[in-house]
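J.: Letter by letter, the sequence shown follows residues 49 to 437 in this note's numbering. Virtual Cβ for every residue (Gly too), placed ideally from N, Cα, C.
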Amino acid sequence: MKMLTKRIICLLLLGALVLGLFSGCNGEKTAQTQAAGPDWSTFSVVRQVPLQHATQFSLTEYDQGYTLLDIPTSGRFLIVPAGAGVPQGLDADVVPLHAPLDRMYLAATSSMDFFRALGSVPAIRLSGTDVNGWYIQEAKDALSSGAMRFAGKYSAPDYELIFAEKCDLAIESTMIYHSPEVKEQLEKLGVPVLVERSSYEEDPLGRMEWIKVYGALLGKLEEAEKLFDGEVKAVEPLLDQPQTGKTVAFFYITATGTVNVRKSDDYVPRMISLAGGDYVFPDLSSGSALSTVNMTMESFYDGAKDADLLIYNSTIDGELFTLEELLQKSAFLKDFKAVRTGNVWCTGKNLFQEPMGLGKLILDMHRVLTDENAPGELTYLHKLTAGGN
Numbered sequence: 049m050k051m052l053t054k055r056i057i058c059l060l061l062l063g064a065l066v067l068g069l070f071s072g073c074n075g076e077k078t079a080q081t082q083a084a085g086p087d088w089s090t091f092s093v094v095r096q097v098p099l100q101h102a103t104q105f106s107l108t109e110y111d112q113g114y115t116l117l118d119i120p121t122s123g124r125f126l127i128v129p130a131g132a133g134v135p136q137g138l139d140a141d142v143v144p145l146h147a148p149l150d151r152m153y154l155a156a157t158s159s160m161d162f163f164r165a166l167g168s169v170p171a172i173r174l175s176g177t178d179v180n181g182w183y184i185q186e187a188k189d190a191l192s193s194g195a196m197r198f199a200g201k202y203s204a205p206d207y208e209l210i211f212a213e214k215c216d217l218a219i220e221s222t223m224i225y226h227s228p229e230v231k232e233q234l235e236k237l238g239v240p241v242l243v244e245r246s247s248y249e250e251d252p253l254g255r256m257e258w259i260k261v262y263g264a265l266l267g268k269l270e271e272a273e274k275l276f277d278g279e280v281k282a283v284e285p286l287l288d289q290p291q292t293g294k295t296v297a298f299f300y301i302t303a304t305g306t307v308n309v310r311k312s313d314d315y316v317p318r319m320i321s322l323a324g325g326d327y328v329f330p331d332l333s334s335g336s337a338l339s340t341v342n343m344t345m346e347s348f349y350d351g352a353k354d355a356d357l358l359i360y361n362s363t364i365d366g367e368l369f370t371l372e373e374l375l376q377k378s379a380f381l382k383d384f385k386a387v388r389t390g391n392v393w394c395t396g397k398n399l400f401q402e403p404m405g406l407g408k409l410i411l412d413m414h415r416v417l418t419d420e421n422a423p424g425e426l427t428y429l430h431k432l433t434a435g436g437n
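(1) Ile-184: which of Lys-408, Thr-418, Leu-399 sits nearest, CA to CA?
(2) Quick one, which of Thr-363, Ser-175, Val-387, Gly-366 has its alpha-carbon nearest Glu-372's?
(3) Residue range of the alpha helix (DSSP H) that Tyr-360 falls in?
(4) Would you kindly work out how many angstroms separate the C-alpha atoms of Arg-310 and Lys-382, rounded to a whole number?
(5) May I have the straight-line CA-CA distance separating Gly-133 from Pro-86, to the nearest angstrom?
(6) What is the rounded straight-line gap between the Cα of Val-128 and the Cα of Met-223?
(7) Give me the Cα-Cα distance between Leu-265 and Arg-124, rounded to the nearest whole angstrom.
(8) CA-CA distance, Ile-359 and Leu-234?
(9) Tell me which same chain residues have a C-beta within less than 8 Å of the C-beta of Gly-194, skipping the five on either side of it?
(10) Quick check: the segment 401–409 against the segment 151–170, are at least 3 beta-carbon pairs closer than 8 Å?
(11) Got a sec, what are the start and stop residues for the alpha helix (DSSP H) Asp-350 sits in?
(12) Return the first residue and the last residue of the beta strand (DSSP E) that Lys-188 is part of.
(13) If we count the other Cβ atoms within 10 Å of its Cβ and call it buried at 16 or more, is Glu-346 buried or exposed?
(14) I'd like the span of the alpha helix (DSSP H) that includes Ile-301, first residue to last.
(15) Pick from Ile-119, Asp-412, Trp-393, Ser-362: whose alpha carbon is nearest that of Met-41?
(16) Here's the rule: buried if 16 or more other CB atoms are within 10 angstroms of the residue's CB, otherwise exposed. What is Glu-229?
(17) What is the rounded straight-line gap between the Cα of Ala-297 and the Cα of Ser-246?
(18) Using CA coordinates, which residue listed in Leu-368, Tyr-327, Ala-199 is at the minimum distance from Lys-353?
(19) In angstroms, rounded to a whole number, what distance separates the CA positions of Leu-116 and Thr-108?
(20) Note down, in chain order, each residue of its chain lying with its Cβ closer than 8 Å to the Cβ of Tyr-114, except the 5 sequence neighbours on either side.
(21) In the structure shown, what three-state DSSP assignment does Gln-440 receive?
(22) Mark Ile-364 as exposed unless 16 or more other C-beta atoms lie within 10 angstroms of its C-beta, in which case mark it buried.
(23) Looking at C-alpha atoms only, which residue of Cys-215, Gly-254, Leu-166, Ala-84 is the closest neighbour of Lys-236?
(24) Within its chain, find whatever has a CB closer than 8 Å to the CB of Val-94; leave out the 5 residues flanking it on each side and keep chain order.
(25) In three-state terms, what does DSSP make of Val-261?
(26) What did DSSP end up calling Gly-254 once you bin it into helix, strand or coil?
(27) Going by alpha carbons, who is nearest to Ile-219 out of Leu-253, Ala-272, Phe-162, Ser-339?
(28) What runs of the beta strand (DSSP E), each 3 residues or longer, lie entirely inside the segment 125–197?
(29) Residues in its own chain within less than 6 Å of Asp-118 by CB, not counting five upstream and five downstream?
Okay, here's the thing in structure tokens:
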């Protein structure tokens, strides 16, 4: 298999060379690449894009319409305006991205929500998730219609299709570091690879602020800033309110019967705090880089049996709708305070494909913390009922 992959890459590279010699490669964008731009030393900073909560990237706007995106440990990318050339004297580690970026390969699933929010799903030509793996309707529709094509998951992309589609950027999650040869091979084909790190933001509002990255890539930075500001303003009224004093457990039960919970410094406990609650495991950590911890049901019972509120994370094994379904997973749960009082909630399966909805989830959490009946519709939470309805 490895030999076959290498042969495919060699053939594609040969094809790329032939196209470059006889057809100017990718047409207009190739001409931009070959054209010498202004001297980089003559550029001036117009604006350092302000970040309120994000810590994993920076954006710097320069004159003549150039924007520098810096993602520590991932790379630096210069967004070159349409029709412009790459500046002379640019640092060797800066990867030029030629606007418009409209034939991208997206393997970082959670990023699709940013494209949707910006009305730019058509800029994604290739998906690393097939139609059945999406909860975002716009992505499902695009794949069903052929406007978007499945090009293999992150660890096994269809290089031939990616090359044939003249992909101008591959957006990967940090999972790509488990398959470094894929990143290397994409770059050999001339496809820039951007590894996004929104999942490393400890602040949930910082995760939402990554919409500015995608706004910059799409030439819609001003729109992205307005969208982000609107989401933050919706949450701001909660920031000055006192804590409710109620405790919350956020969890799911694994196939082996252990309980998966979030570490204390994860963004989910931060959302609980912003909503006015107290996470039941305030000092939970581990030696791993993962944001979650698996514990025995006995340990979970000791820490969460008196929690005022239970929130079941449905994104792994599906949504629950009744307390009976929950108790089928573990009879231990029947003695939990929240189960006895009927204060158990479940997330929607679409939650983690929609980072722009984190503000709404905080508002949902606040509502169920302050009113167990939670009048009106919630966006991402639903209450488990006592019966089968």
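T.: Short version:
(1) Working through the sequence shown from its first residue, we reach residue 184 at position 136. For Ile-184, the closest C-alpha among the options Lys-408, Thr-418, Leu-399 is that of Leu-399.
(2) If you number the sequence shown from 1, residue 372 lands on position 324. The shortest Cα separation from Glu-372 among Thr-363, Ser-175, Val-387, Gly-366 belongs to Val-387.
(3) One-based indexing of the sequence shown puts residue 360 at position 312. Taken as a continuous stretch (DSSP letters only), Tyr-360 belongs to no alpha helix (DSSP H), being part of the beta strand (DSSP E) at 357–360.
(4) Your numbering for residue 310 matches position 262 in the sequence shown. Your numbering for residue 382 matches position 334 in the sequence shown. Near 22 Å, if we compare the C-alpha coordinates of Lys-382 and Arg-310.
(5) Within the sequence shown, the letter at position 85 stands for residue 133. Within the sequence shown, the letter at position 38 stands for residue 86. Cα to Cα, the separation comes out at about 8 Å.
(6) The residue given as residue 128 occupies position 80 in the sequence shown. The residue given as residue 223 occupies position 175 in the sequence shown. The alpha-carbon atoms of Val-128 and Met-223 are separated by roughly 27 Å.
(7) By one-based count along the sequence shown, residue 265 stands at place 217. By one-based count along the sequence shown, residue 124 stands at place 76. Answer to the nearest angstrom: the Cα atoms are 13 Å apart.
(8) The sequence position of residue 359 within the sequence shown is 311, counting from 1. The sequence position of residue 234 within the sequence shown is 186, counting from 1. Looking at the two C-alpha atoms, the distance is approximately 40 Å.
(9) Counting from one through the sequence shown, the residue named residue 194 turns up at place 146. If we look at Gly-194 and ignore the five residues flanking it on each side, it has no Cβ neighbours.
(10) yes
(11) For this step, residue 350 is matched to residue 302 along the sequence shown. Note, Asp-350: alpha helix (DSSP H), 345–352.
(12) To locate residue 188, count along the sequence shown from 1; it is residue 140. Where Lys-188 is concerned, there is no enclosing beta strand (DSSP E), although the alpha helix (DSSP H) it sits in stretches over 185–193.
(13) Position 298 of the sequence shown, counting from 1, holds the residue named residue 346. Classification for Glu-346: exposed.
(14) Looking up residue 301 in the sequence shown gives position 253. Taken as a continuous stretch (DSSP letters only), Ile-301 belongs to no alpha helix (DSSP H), being part of the beta strand (DSSP E) at 295–301.
(15) Any question about residue 41 goes unanswered here, given that the chain covers just 49 to 437.
(16) Looking up residue 229 in the sequence shown gives position 181. So Glu-229 ends up on the exposed side.
(17) Looking up residue 297 in the sequence shown gives position 249. Looking up residue 246 in the sequence shown gives position 198. Their backbone Cα atoms lie some 24 Å apart in a straight line.
(18) By 1-based counting over the sequence shown, the position of residue 353 is 305. Selected option, being the one with the closest Cα: Tyr-327.
(19) Within the sequence shown, the letter at position 68 stands for residue 116. Within the sequence shown, the letter at position 60 stands for residue 108. Counting only the Cα atoms, Thr-108 lies some 5 Å from Leu-116.
(20) In the sequence shown, the residue the question calls residue 114 occupies position 66. Taken in chain order, the residues that qualify are Phe-91, Leu-126, Ile-127, Val-128, Pro-129, Ala-132, Pro-135.
(21) Since the first residue shown for the chain is 49 and the last is 437, residue 440 is missing from the structure and cannot be characterised.
(22) The count along the sequence shown starts at 1 and reaches residue 364 at position 316. It is exposed - the Cβ of Ile-364 has fewer than 16 other Cβ atoms within 10 Å.
(23) Residue numbering aside, residue 236 sits at position 188 when the sequence shown is read from its first letter. Among Cys-215, Gly-254, Leu-166, Ala-84, the Cα nearest to that of Lys-236 is on Cys-215.
(24) Position 46 of the sequence shown holds residue 94. If we look at Val-94 and ignore the five residues flanking it on each side, its Cβ neighbours are Glu-109, Tyr-110, Asp-111.
(25) Here residue 261 is taken as the residue at index 213 of the sequence shown, counted from 1. Val-261 sits in a helix when the DSSP states are folded into three classes.
(26) The count along the sequence shown starts at 1 and reaches residue 254 at position 206. It is helical.
(27) Your numbering for residue 219 matches position 171 in the sequence shown. When only C-alpha atoms are compared, the closest one is Phe-162.
(28) 134–136, 142–146, 152–154, 172–175
(29) On the sequence shown, position 70 is the one that residue 118 refers to. Correct list, in chain order: Ser-106, Arg-124.
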